[in-house]
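Residue numbers (our numbering): 1 to 147. Please read the structure below before turning to the comments.
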């Protein structure tokens with residue numbers, strides 16, 4: 001069974017099946033527990049999963065390597081804390097967050113940062129890029145009118 005946690009991932013609707021392949025889901029199979037879409041961007045969705053095994057780290061890394069753009073977060077598991085994650089143009093990054101959902105710089109027992117500010121800045125820049133790319137997505141109505 002493993003170590004499971006709650007996870008939310010935002011991606012293009014068109015990439016749901018591509019991402020699902022990394023979870024061994026058949027094409028068209030719902031691998032999520034709940035799916036939300038924005039009223040103004042129906043081609044961008046957020047999938048909620050109640051029990052993502054090890055926060056689907058291996059699956060997220062494989063999907064990122066395949067070039068699937070996404071961002072999201074997961075709650076803490078038994079062996080890890082809560083994190084945000086982003087994948088853009090093949091690059092996958094993570095940033096630690098606290099239980100209130102704020103990004104943090106974790107310290108080790110000697111009060112040294114476990115991750116540098118440069119890593120956090122890169123994460124935030126990449127998150128802004130994927131959100132900007134998603135914002136440029138044409139709504140389905142405009143796509144149908146263009147066809």
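Beta carbons are placed, not taken as given, at the ideal position from N, Cα and C, and that holds for glycine. Computed from a prediction, not measured in an experiment: that's the story for all the values here.
query: Simplified DSSP state of residue 130, which is helix, strand or coil; result: helix
query: Cut-off 8 Å between Cβ atoms - residues of its own chain near residue 69, not counting five sequence neighbours on either side; result: 11, 12, 15, 87, 88, 89, 130, 133, 134
query: Buried/exposed call for residue 82, threshold 16 Cβ in 10 Å; result: buried
query: Cβ neighbours of residue 61 in the same chain (closer than 8 Å, five flanking residues each side left out); result: 92
query: Ranges of the alpha helix (DSSP H) found wholly within the stretch 15-49, counting only runs of at least 4; result: 16-21
query: Residues near residue 75 by beta carbon distance below 6 Å, same chain, minus five either side; result: 5, 6, 82
query: Top-ranked residue by Cα proximity to residue 49, from 59, 35, 41, 57; result: 35
query: Helix, strand or coil at residue 111 [DSSP, three-state]; result: coil
query: When 38, 21, 40 are compared against residue 31, the one with the closest alpha-carbon; result: 21
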